[in-house]
Amino acid sequence: MSNPDIEQLRARVSGGVITPGDAGYDEARRVYNAMIDRRPAVIVRCASAADVAAAVDFARENGLALAVRGGGHSVPGFGTVDDGVVADLSGMRAVTVDPAKRTARAEGGATWGDFNEATAAFGLATTGGIISTTGVAGLTLGGGIGYLARGFGLSCDNLISAEIVTADGKMVTASEDEHADLFWAIRGGGGNFGVATALEFRLHPVKEIYGGPMFFAMKDAESVLRYYREFIAEAPEQFGGFPAFQIAPPLPFIPVERHGETFLAFIACWAGPVDEGEQILKPLHDVAEVVAEHVGPMPYPALNSAFDALVPAGLQHYWKANFVRELTDDAIAAHLVHGPKVPAVNSTVHIYPINGACHRVAADATAFAYRDATFAPVIAGMWPDPSQNDANIKWVRDYYAATAPLSEEGGYINFMAGDDQDRIKANYRGNYPRLVDVKRRYDADNLFRVNQNIKP
Ligand SMILES: Cc1cc2nc3c(=O)[nH]c(=O)nc-3n(C[C@H](O)[C@H](O)[C@H](O)COP(=O)(O)OP(=O)(O)OC[C@H]3O[C@@H](n4cnc5c(N)ncnc54)[C@H](O)[C@@H]3O)c2cc1C
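Under the working numbering, think of the first position of the sequence shown as 38, with each following residue one higher.
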């Protein structure tokens, strides 16, 4: 890569090009997980699809690795790469809503906060992540699990089309009617097939929800988990809550003397008629004493940003995950051994439900293969102090070692760690050969390899 090449790139890109030594390089190379400390050769601050194509062409022509960054939340740090090119879409965050058609178009760097704010103005929403700072593109391309998944399916199930810059630098639209094979692959296949410069979603009427967090003492955790297992099998699909092992943060609704205690929290989200919410949640209240809660009617984006402060950018991250079909007594017992040892207030274990509408999509209809899994648990290690890395990583690994044998072989790619590459095939089950085939046709040289990689 010569200087004239860089100068040509600078001339082609409207958003800006940053190289080592430029002002702002250290800021520009930083990603959400502070454990990741990589030094890209070039960071392209994309302002348009044309800028994205310029970054893709530059990486390909110079034989450099290419990382694609949307919201920057990838735990393994796939939004950056040593000595390669970063296509940073974080400046492309516009979201436009068509309320008549009930659709929204989000640029490739939009976050769920951007998305929810735009759609909530019309009383509309689609399935998105539970933290507002996560990227729409990264989350959706891997599948997309959130409060509304039981009712409306995964985020990728709500994708109508995507504008993609492919490895050859061309811009294509992928939908059921155009590049249908690519459209199939990007719904679960992650960033393996190109850069999504815009994604178009189906929206649903969701205005206020009834929900929020409840905290149960650890002595009641087993009863709550057993209740959850039964309840979620039959619960109305507008219900999208999940249990969590969680140290109580110093929040005003939690008694001061219990701050710092580890609880079995339950985060509820009832997206049906708000006046039915109290009744829906009553049985959960009857399972055991609720020590503290902050439950009631609230705008959907309020719940979607309620936990942002617990997970600011700059923490250390190490996560593991498996899908689960049945939460057996043995699995609950394993959770009860390791969940109460959650070592930091930022860390958590969520046992997300992915039944309901997610199950109505055939396993081979999109790349996301685990359509018979009922739960997507995640062991999310997040802590501020790098000197505590060994202890926190050990907690995640011990927890995972205990629960993995009681789970499916595959895990949700967006929750998997950087050392999980050998599990990619298991994640896609019978869809893997078709994914390899699509990869060969769209990215035979594996330009898009800084991800949970499907090798051509
Ligand atoms: C705090 C936190 C909360 C989370 N909550 C949820 C949740 O509720 N539900 C859930 O399903 N997941 C959740 N996740 C996981 C999340 O889905 C993944 O980390 C996802 O990869 C993040 O996408 P991003 O755009 O923010 O990340 P980035 O680091 O920017 O991107 C990650 C990868 O996604 C791909 N990618 C990103 N943008 C594009 C694009 N425009 N075009 C093509 N490929 C792209 C690339 O392969 C990239 O390497 C959470 C993660 C964190 C850290």
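Each residue gets a CB set at the ideal place from its N, CA and C atoms; glycine is no exception.
Task: Pair within 8 Å by beta-carbon distance, His375 and Asp435 - done: In the sequence shown, the residue the question calls residue 375 occupies position 338. In the sequence shown, the residue the question calls residue 435 occupies position 398. Against a cut-off of 8 Å, the Cβ pair of Asp435 and His375 comes out as a contact.
TODO: Would you list, in sequence order, the uninterrupted beta strand (DSSP E) runs of no fewer than 3 residues that lie entirely inside the region 249-311?
DONE: Qualifying beta strand (DSSP E) stretches, in chain order: 279-284, 299-307.
Open item on the list: According to DSSP, simplified to helix, strand and coil, what is Ser424?
Closed with: As a position in the sequence shown, residue 424 is number 387, starting the count at 1. Helix, per DSSP.
TODO: Would you mind reading off the limits of the alpha helix (DSSP H) that contains Lys462?
DONE: The residue labelled residue 462 in the question sits at position 425 within the sequence shown. Start and end: 461-465.
Task: Distance CB(Arg239)-CB(Cys193) smaller than 8 Å - done: Position 202 of the sequence shown holds residue 239. Position 156 of the sequence shown holds residue 193. No, the Cβ-Cβ distance between Arg239 and Cys193 is not below 8 Å.
Open item on the list: Tell me the DSSP secondary structure of Lys431 in three-state form.
Closed with: Working through the sequence shown from its first residue, we reach residue 431 at position 394. It is helical.
TODO: Measuring alpha carbon to alpha carbon, tell me which of Thr133, Ala86, Ala186 ends up nearest Ala233.
DONE: Along the sequence shown, read from residue 1 onward, the residue named residue 233 stands at position 196. Closest option to Ala233, Cα to Cα, is Ala86.
Task: Under 8 Å between C-beta atoms of Phe279 and Pro390 - done: Working through the sequence shown from its first residue, we reach residue 279 at position 242. Working through the sequence shown from its first residue, we reach residue 390 at position 353. Their beta carbons are under 8 Å apart, which means Phe279 touches Pro390 by this criterion.
TODO: For Val475, name the three-state secondary structure that DSSP assigns.
DONE: Here residue 475 refers to the residue found at position 438 of the sequence shown. Of the three classes helix, strand and coil, the one that applies to Val475 here is helix, per DSSP.
- [ ] Specify the secondary structure class of Phe412 as computed by DSSP and reduced to three states.
- [x] Counted from its first residue, the sequence shown places residue 412 at position 375. Three-state result, Phe412: strand.
Open item on the list: Does Asp214 pass the burial test, meaning 16 or more other C-beta atoms within 10 Å, or should it be called exposed?
Closed with: On the sequence shown, position 177 is the one that residue 214 refers to. Answer is exposed; the Cβ neighbour count stays below 16.
Open item on the list: Taking only three categories from DSSP, how would you classify Thr156?
Closed with: Locating residue 156 in the sequence shown gives position 119, where the first residue counts as 1. Reduced to three states, the DSSP call for Thr156 is helix.
Task: C-beta atoms of Gly181 and Leu191 nearer than 8 Å - done: Your numbering for residue 181 matches position 144 in the sequence shown. Your numbering for residue 191 matches position 154 in the sequence shown. Yes, they are a contact pair.
Task: Helix, strand or coil at Ser192 [DSSP, three-state] - done: Counted from its first residue, the sequence shown places residue 192 at position 155. Helix at Ser192.
Open item on the list: Below 8 Å on the Cβ atoms is my contact criterion, and I expect Ser89 with Leu46 to pass it. Report the Cβ-Cβ distance as a whole number of Å.
Closed with: In the sequence shown, counting from the first residue as 1, residue 89 sits at position 52. In the sequence shown, counting from the first residue as 1, residue 46 sits at position 9. The question names Ser, but residue 89 in the sequence shown is Val. Actually they do not touch by this definition, with Cβ atoms about 13 Å apart.
Open item on the list: Please tell me whether Pro334 and Glu245 are closer than 8 Å, where the distance is taken between their beta carbons.
Closed with: The residue given as residue 334 occupies position 297 in the sequence shown. The residue given as residue 245 occupies position 208 in the sequence shown. Yes. Within cutoff.
Open item on the list: Bridge partners for Lys357 per DSSP, in chain order?
Closed with: In the sequence shown, counting from the first residue as 1, residue 357 sits at position 320. In the DSSP output, where bridge partners are listed per residue, Lys357 has Ile416.
Task: Residue environment, Asn383, which counts as buried when at least 16 other CB atoms sit within 10 Å - done: Start at 1 with the first residue of the sequence shown, and residue 383 comes out as number 346. Its Cβ being crowded by 16 or more others within 10 Å, Asn383 is buried.
Open item on the list: Do Asn490 and Ala406 have their beta-carbon atoms positioned less than 8 Å apart in this structure?
Closed with: To locate residue 406, count along the sequence shown from 1; it is residue 369. To locate residue 490, count along the sequence shown from 1; it is residue 453. With contacts defined as CB atoms closer than 8 Å, Ala406 and Asn490 fail to qualify as a contacting pair.
- [ ] Consider the C-beta atom of Arg408 and the heavy atoms of ligand 1; say whether any pair is separated by less than 7 Å.
- [x] For this step, residue 408 is matched to residue 371 along the sequence shown. Relative to ligand 1, the beta carbon of Arg408 is positioned no closer than 7 Å to any heavy atom.
TODO: Please confirm whether Pro77 and Gly121 have their CB atoms less than 8 Å apart.
DONE: The residue given as residue 77 occupies position 40 in the sequence shown. The residue given as residue 121 occupies position 84 in the sequence shown. Yes. Within cutoff.
Open item on the list: I need the straight-line Cα distance from Trp221 to Ala199, nearest angstrom please.
Closed with: Residue numbering aside, residue 221 sits at position 184 when the sequence shown is read from its first letter. Residue numbering aside, residue 199 sits at position 162 when the sequence shown is read from its first letter. If I take the Cα positions, the gap works out to 11 Å.
Open item on the list: Whether or not the region 287-295 and the region 400-420 are in contact is what I'm after, with contact meaning three or more pairs of Cβ atoms, one per stretch, closer than 8 Å; do they touch?
Closed with: no
Task: Status (buried if at least 16 other CB within 10 Å, exposed otherwise) for Ala186 - done: Taking the first residue of the sequence shown as position 1, residue 186 is located at position 149. So Ala186 ends up on the buried side.
Open item on the list: So, does the region 452-464 touch the region 352-371, judging by three or more C-beta pairs under 8 Å?
Closed with: Result yes; three or more Cβ-Cβ pairs closer than 8 Å.
Open item on the list: Based on DSSP bridge pairs, tell me the residues matched to His241.
Closed with: Residue numbering aside, residue 241 sits at position 204 when the sequence shown is read from its first letter. Looking at the DSSP assignment, His241 forms a beta bridge with Ala162.
Open item on the list: With three or more beta-carbon pairs closer than 8 Å as the criterion, would you say the region 139-156 touches the region 470-487?
Closed with: With the cut-off at 8 Å, the region 139-156 and the region 470-487 do not touch.
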